[in-house]
Structure formats: structure tokens, C-alpha cells
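Using numbering that gives the first Met the number 0, the letters of the first sequence map in sequence onto residues 0 to 444.
In this text, a Cβ means the ideal position worked out from N, Cα and C, and glycines have one as well.
Model, not experiment: these values are computed from the prediction.
Below is one structure, written out as C-alpha cells; the observations come after it.
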Amino acid sequence: MRPTASILHLDLDAFFASVEQRDKPSLRGKPVIVGGIGQRGVVSTASYEARRYGVRSAMSMAEARSRCPHAAFLSGRFDAYRAASAVVMERLRSLSPAVEPLSLDEAFVDLAADPEFDPDTVPELVDRLRRDVAELTGGLTASVGVATSKLMAKIATEIDKPDGSFIVAPGTERDLLEPMPVTVIAGVGPATAARLHHVGVTRVGDVWRHSEAELIDLLGQAAGASLHRLSRGIDDRAVSSHRENKSVSTEDTFETDIVDRAELGLICDALARRTAERLRKAGLSGRTVTLKVRYHDFTTHTRSTTLPGPTDQSRLIVATARRLLDATDTGGGLRLLGVGVSGLADWVQDDLFAEEADDAPEPLEQEPRLPADPPRAHEWSPGMDVHHDEYGDGWVWGRGLGLVTVRFETRHTPVGPVRTLRADDPALTPGHRESPSPVAGTVEE
DNA sequence: TCTGGGGTCCTAGGACCC
DNA sequence: TCTGGGGTCCTAGGACCC
0 MRPTASILHL DLDAFFASVE QRDKPSLRGK PVIVGGIGQR GVVSTASYEA
50 RRYGVRSAMS MAEARSRCPH AAFLSGRFDA YRAASAVVME RLRSLSPAVE
100 PLSLDEAFVD LAADPEFDPD TVPELVDRLR RDVAELTGGL TASVGVATSK
150 LMAKIATEID KPDGSFIVAP GTERDLLEPM PVTVIAGVGP ATAARLHHVG
200 VTRVGDVWRH SEAELIDLLG QAAGASLHRL SRGIDDRAVS SHRENKSVST
250 EDTFETDIVD RAELGLICDA LARRTAERLR KAGLSGRTVT LKVRYHDFTT
300 HTRSTTLPGP TDQSRLIVAT ARRLLDATDT GGGLRLLGVG VSGLADWVQD
350 DLFAEEADDA PEPLEQEPRL PADPPRAHEW SPGMDVHHDE YGDGWVWGRG
400 LGLVTVRFET RHTPVGPVRT LRADDPALTP GHRESPSPVA GTVEE
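Here is the structure:
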């Protein structure tokens with residue numbers, strides 16, 4: 000725990016709705032609701048005027064309409080939001096190199112990462128920051144909290160929101176936390192709050208009566224240990240300015256449930272292509288393809304396949320998602336379909352890049368188990384080798400999905416069978432454990 | 001007219017390897 | 001022959017966040 004209040008949290012007030020009011024003067028002072036405007040939309044952001052009618056984020060649009068029928072309902076202009084966000088993030092980076100955006104409208108800044116940081120100047124710094132944000136964005140207001148930790152900084156932001164700020168004096172954290180509802184603690188949502196309520200915990204101070212072991216027993220290892228610490232204001236989480244993406248996904252909720260499998264197949268293909276495009280745009284590729292389906296009763300299932308190596312190729316992601324869909328019961332129709340890719344690698348499987356990689360210095364102490372250079376995507380062609388080590392922990396790399404004729408050696412037969420397989424046949428993937436397990440092969444004409 | 005879309009992290013069980 | 005842990009990877013689901 001750092002001794003000085005040097006973690007800053009900034010949150011733009013009713014961000015999407017405020018951008019709309021900024022750009023359309025006729026909306027100023029009036030209830031504005033941004034969100035999905037279709038049959039099954041939900042509220043993304045409500046202006047403070049709309050909040051007076053009880054409209055909240057994540058509420059269904061249907062309910063928002065009945066609560067506030069005269070509001071302006073807008074579907075959102077994300078380019079405008081991204082532009083305003085970029086201006087604010089840039090201003091935050093002028094305070095310190097350590098800026099961690101949480102979303103378009105929110106970020107942490109570690110002020111102490113600036114060598115010239117002076118704790119005595121924080122109040123002025125905050126006032127100037129909020130003035131600059133308003134000026135640079137054409138009038139958007141921000142709320143700011145500063146404290147000795149992320150937890151307390153974020154809580155502080157809420158204290159004088161909107162258009163205000165609060166600095167938590169070091170040492171006062173527990174007094175501030177004690178009367179607050181437990182749900183102010185990061186990671187305590189409705190399900191956890193309900194469990195805590197069962198053991199008489201509704202406020203943060205109530206948590207203190209329970210040992211770490213009791214909390215772990217109730218909530219599980221990670222959540223229990225985390226709540227035990229955070230409830231006491233103990234939070235050493237660092238502000239991290241370069242977090243890597245872990246997954247990319249695209250999903251769609253339909254206006255009405257879709258039953259027709261051919262139609263679902265085409266939608267699945269389109270979602271997979273969009274996910275692949277976004278991967279390529281981000282210079283990423285991934286190994287695990289996940290299909291998500293939601294039924295009429297809102298039950299949600301996922302099915303995933305891990306490929307032998309990362310890909311960003313539409314064809315492979317489309318085909319993999321399709322096979323997952325084919326194996327999924329869509330009997331009563333689907334409300335939602337989604338395709339995601341995870342297990343991301345940030346190298347691009349691209350011939351140009353692979354040549355550059357050849358020139359890169361050899362990494363030392365690299366086990367020869369996996370190729371030192373990123374594997375290169377290729378089409379299967381005659382004469383190409385298929386490698387597995389003794390346990391099948393080799394690799395194969397396929398971009399095509401046609402048929403491949405492979406002559407296998409196996410652990411038991413030096414000249415094994417010739418088999419014609421689809422390029423995505425499990426027998427060609429590492430870790431395949433059919434007996435006898437193929438250990439090597441050659442692609443034949 | 002209930003319940004978006006983009007994510008992150010955790011848990012738990014099974015397979016497999018050592 | 002029986003017993004046994006630890007570690008990793010994969011899959012599926014759930015909670016949570018903005």
C-alpha cells in the first residue's frame with residue numbers, strides 16, 4: 000500500500016448521452032437514452048435527466064420507454080465516442096505514462112509514475128484536469144477520484160459524481176468504506192451480494208467480522224481472499240498501461256428467434272468472418288474458436304475447439320465455427336449466436352513477417368520442442384512433412400480445408416498406413432492420441 | 001415487448017504426462 | 001500390481017464489469 004494518494008480514477012459523466020447532448024443542442028436539458036433501439040435492446044447510457052425517471056444502464060429499452068416515453072432514444076455514434084475518448088486519454092497521458100483505460104469513458108492513472116509528481120499539488124492537478132477535459136471535449140464533464148489504491152480511487156469518483164472530485168486522505172480508507180454497501184467492492188455483484196446477505200453482510204464493515212477462511216469457504220478461493228483484503232482497503236493492484244487482448248468475439252441477438260438451420264449457418268459464417276477480420280486488423284491470431292448460442296429462455300451455451308496453431312484466416316474460423324454449430328441443438332430456435340477466438344498470439348502468420356523473423360536474433364534457451372520461429376501458414380502440398388514427436392506433441396499447420404493424403408509412420412510401424420484425411424482431421428493435430436498414434440507423415444499426391 | 005455487446009477472471013472436471 | 005500426487009491443457013459455465 001503506497002503512503003500517498005497518487006492513483007487517479009476518471010469517469011466521464013453519462014458519457015454517450017453527454018456526447019449526444021453536446022452535438023445536438025436541442026437535446027440539452029432533456030432526457031436522452033442511448034442503447035439498442037430494436038425489439039430486444041437495452042440501455043447503454045441514460046442522461047441525468049432520464050435517470051430522474053428511474054432509467055438505468057442495462058435496463059431493457061422496453062422498460063426505459065415506459066418509464067420515460069418522451070426521452071430521445073438514440074442508437075449511438077461510436078466514432079464520435081471514440082474521438083472524444085481519445086482526446087481525454089491523451090490528456091491523461093500528459094499526467095503520467097501509466098494510464099490504464101477501462102473503457103471509452105474511464106481510466107486509472109498512476110500519478111506517481113511521473114518522476115516530477117508532487118502529492119501536495121493533487122487538488123490543483125485534479126481541478127485543472129477537469130477544466131481541460133471540458134474544454135478539450137467541447138463541454139463534457141468528468142468525475143475524478145484520487146486515493147492510495149485503485150479500489151479507493153474508483154470509489155472516490157462516485158462520491159461527488161457528476162462533475163465533481165474527491166481525494167481520499169491516506170489513513171481514512173476504512174472509515175470511508177465501513178458504512179458503504181458491499182457492492183462497492185470490485186467483484187461483488189448481485190450473486191455474491193446475495194450470498195453475503197445470507198451471513199448477515201450488507202455493508203463493507205460487516206465483512207470485517209468474517210475471517211478470510213470463512214469468506215473463502217463462502218465465495219471460493221479468489222473471490223473470498225480478494226474480498227477479505229479489499230474490504231479492509233488493502234489493494235496493491237498496479238496501474239497497467241499495456242494490457243494484452245485475450246479474446247475477440249462477435250455476437251448478435253436477433254429481433255426474433257431464428258429456427259432455420261440454413262439461415263443460422265449463413266449468420267454463423269458472417270459472424271466468423273467479422274471476428275477474423277477484426278483479428279487481422281489487430282494483428283492477432285488465435286487457437287481456440289468458440290461458438291455461443293442463446294435459447295429463447297435465455298440459457299446460454301458455448302462450444303469450443305482448439306486448433307493446432309493460431310489462425311486469423313476467415314476460412315478456417317468459418318469452417319470451425321460451422322462444425323461447432325452443426326454439433327449444436329438449435330431445435331427451438333436461437334435468440335443469439337456468437338463466434339469468438341481466444342488463445343491469442345500477437346505474431347502475424349504472414350510470409351513477409353516470417354522472413355523478418357528469420358533475421359531476428361535467435362532466442363536463447365529455446366526448447367526445440369516447438370519451432371523457434373513462428374510457424375508459417377501454408378496450403379497443404381505434396382511432399383510436405385507432418386511432424387509429431389513421440390507423444391504427438393508436434394505441430395501441423397493448415398490453412399486449407401481440402402482433402403490431404405498422408406502416409407503415416409507410427410510408433411509401431413515405420414512405414415504406416417496411407418490415409419486420406421480432411422486437413423482438419425484430428426489425426427493431424429498435436430495431442431492426438433489414437434492408437435497407434437501417428438508420429439510423422441508426408442503429404443502425398 | 002424483460003434481459004446488448006464487448007470483454008475479463010475464476011472454477012471445476014477430465015485427460016494426459018511425469 | 002497397486003497406489004499417488006503434481007502440473008498443464010482443454011472445455012464449459014458462471015460471475016462480473018463497462
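Excluding sequence positions up to five before and after residue 327, its CB lies within less than 8 Å of the CB of 290, 292, 300, 302, all in the same chain and listed in chain order. For residue 317, the enclosing alpha helix (DSSP H) begins and ends at 313-325. In the three-state reduction of the DSSP assignment, residue 334 falls in the strand class, which pools E and B. Around the beta carbon of residue 36, fewer than 16 other beta carbons sit within 10 angstroms, so the residue counts as exposed.
When 256, 252, 30 are compared, the shortest CA-CA separation from residue 68 is found for 30. A Cβ-Cβ contact shorter than 8 Å links residue 306 with residue 286.
Comparing alpha carbon positions, the residue from 1, 23, 193, 50 closest to residue 12 is 50.
Going by beta carbons, residue 164 and residue 138 fall outside the 8 Å limit.
The beta carbon of residue 26 sits closer than 7 Å to those of 19, 20, 71, all from its chain and outside the five residues before and after it, given in chain order. Selection 5, 34, 17, 65 evaluated against residue 94 yields 5 as nearest (Cα-Cα).
Secondary structure note for residue 309: its beta strand (DSSP E) is the uninterrupted segment 299-310.
Separation of residue 265 and residue 123 (C-alpha to C-alpha, rounded to the nearest whole angstrom) is 57 Å. Between residue 336 and residue 256, the C-beta spacing is not below 8 Å. The count of Cβ pairs closer than 8 Å, one atom from the stretch 248-255 and one from the stretch 223-232, stays below three, leaving the stretches out of contact.
Taking C-beta atoms under 8 Å as the contact rule, residue 141 and residue 132 qualify, at a distance of about 5 Å. Spatial neighbours of residue 270 in its own chain (CB-CB distance under 8 Å, excluding positions within 5 residues in sequence) are listed in chain order as 249, 250, 251, 320, 336, 337, 338. One alpha carbon belongs to residue 81, the other to residue 112, and they sit about 26 Å apart. Within the model, the alpha-carbon separation for residue 223 versus residue 343 is close to 29 Å. Counting only the Cα atoms, residue 8 lies some 26 Å from residue 22. Counting C-beta pairs closer than 8 Å gives three or more between the stretch 194-209 and the stretch 170-183, which meets the contact rule.
Of the residues 212, 325, 240, the one whose Cα lies closest to the Cα of residue 262 is 325. A straight-line Cα-Cα distance of about 37 Å links residue 314 and residue 105. Per DSSP, the unbroken beta strand (DSSP E) holding residue 73 starts and ends at 71-73.
Contact check for residue 244 against residue 283 passes: the beta carbons are separated by less than 8 Å. One Cα belongs to residue 78, the other to residue 102, and the distance between them is close to 14 Å. Between residue 198 and residue 136, the gap from beta carbon to beta carbon reaches 8 Å or more. Cβ neighbours of residue 155 within its own chain (closer than 6 Å, five residues either side excluded): 144, 146, 165, 167. Of all alpha-carbon atoms in 216, 312, 253, 297, the one lying nearest the alpha-carbon of residue 280 is that of 312. The straight-line gap separating the alpha-carbon atoms of residue 114 and residue 153 is approximately 23 Å. Annotation for residue 47: 13, 161 place their beta carbon closer than 7 Å to its own, counting only its chain and skipping 5 residues before and after. In this model, residue 194 and residue 119 are separated by some 42 Å (Cα to Cα). Within the same chain, and ignoring the five residues on either side of residue 297 in sequence, the residues whose Cβ sits closer than 8 Å to its Cβ are 334. Per DSSP, reduced to three states, the secondary structure at residue 202 is strand. Nearest to residue 329 by C-alpha distance, out of 345, 187, 200, 258, is 258.
When C-alpha distances from residue 273 are compared across 55, 59, 316, 308, the shortest belongs to 316. If only uninterrupted alpha helix (DSSP H) runs of at least 4 residues are considered, those enclosed by the stretch 210-239 are 211-218, 220-229.
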